[in-house]
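In this note's numbering, the protein residues as written are 8 to 185.
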Amino acid sequence: MESLTAPDRFLRMAVDLVNTRTLEPEKLVSPAALAEFLIDHGEPTADVTDDDLAAVQAVRERIRPVFHAEARDAVQILNGLLADYAVQPYLSDHDGAPWHLHVAKPDATWAEWLAANAALALSGFAATHGFTALDTCAAPDCERVFVNPAANRPRRFCTPTCSTRTRVATHRARRAGG
Ligand SMILES: [Zn+2]
Ligand SMILES: [Zn+2]
């Protein structure tokens with residue numbers, strides 16, 4: 008299992024993981040779907056069982072509130088995840104991979120590996136950019152989460168699509184209201 012030098016990769020993985028289930032239907036519908044998610048996020052291969060799928064979904068729901076909560080509550084969740092899943096970091100070059108850092112235990116399950124790396128990436132990001140940089144889309148019919156490192160460029164929506172949809176809806180509502 009890869010765990011690598013770029014925290015960005017795990018930050019993106021944490022965001023994308025939460026967004027596998029929002030108001031849209033569940034995307035992690037099978038072990039194969041989870042394997043595809045892991046490979047899409049940089050893993051060379053992924054053997055995934057039904058137990059892995061259930062455990063990853065549970066980790067996902069534990070991470071989700073970090074994007075909604077006040078800083079103090081988000082810190083409690085992240086520190087809890089780090090306490091439960093992160094271990095003393097160590098370097099590895101297993102399977103011919105270049106030297107990279109592992110923060111999950113050597114025999115970690117996919118859920119444990121994901122929890123450790125996602126918690127570390129989110130913690131590092133929040134420590135640098137503040138918890139307001141971890142946010143949820145403001146569109147009423149969207150629950151997607153996102154990260155926004157640009158403090159001077161406040162962002163309310165997950166995508167330009169949601170921003171446009173909301174603006175159009177607001178405009179229509181205003182017109183309908185007279
Ligand atoms: Zn590795
Ligand atoms: Zn949105």
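Here a beta-carbon is modelled for each residue, glycine too, at the ideal position from N, C-alpha and C.
This one's a predicted model, so the numbers in the text were calculated from it and none came from an experiment.
Determine the closest residue to residue i out of the options, with distance taken between C-alpha atoms.
i    : options                   : result
V73  : M20, I84 and N155         : I84
A21  : A126, L108, P96 and A104  : A126
A95  : G103, H101, L108 and N86  : The sequence shown places Gln at residue 95, not Ala. Minimum Cα distance to Q95 is reached at L108.
R69  : N86, S99 and T139         : N86
D148 : F164, H101, L60 and N155  : F164
E31  : A180, T173, E119 and E150 : E150
T173 : G103, E77, A145 and F153  : A145
Across which residues does DSSP place residue i in a beta bridge pair?
i    : result
D142 : F153
S170 : Partner(s): none; S170 has no beta bridge.
S99  : H107
A187 : As displayed, the chain neither begins before 8 nor continues past 185, which places residue 187 out of reach and without an answer.
Distance, Cα to Cα, residue i vs residue j?
i    : j    : result
M8   : E50  : The predicted model places M8 with a pLDDT of 45, which falls under 50 and marks its position as unreliable, so this point remains unresolved.
A39  : Q64  : 14 Å
E48  : W117 : The displayed chain sequence assigns His, not Glu, to residue 48. Whole-angstrom Cα-Cα distance: 13 Å.
R162 : S170 : 10 Å
R16  : A183 : 45 Å
T56  : L35  : 12 Å
I46  : A134 : 28 Å
D23  : F132 : 15 Å
P156 : L141 : 8 Å
F44  : V175 : 33 Å
R79  : R67  : 20 Å
S130 : V82  : 8 Å
R181 : A123 : 46 Å
Just to confirm the assignment, what range does the beta strand (DSSP E) spanning residue i have?
i   : result
V55 : V55 -> no beta strand (DSSP E), and no H or E assigned at all.
Go to residue i, then tell me how far its alpha helix (DSSP H) extends in each direction, as first and last residue.
i    : result
D47  : P38 to D47
T116 : T116 -> no alpha helix (DSSP H), and no H or E assigned at all.
Within 7 Å of ligand 2: residues by beta-carbon to any heavy atom: C144, A146, C149, R151, F164, C165, T166 and C169
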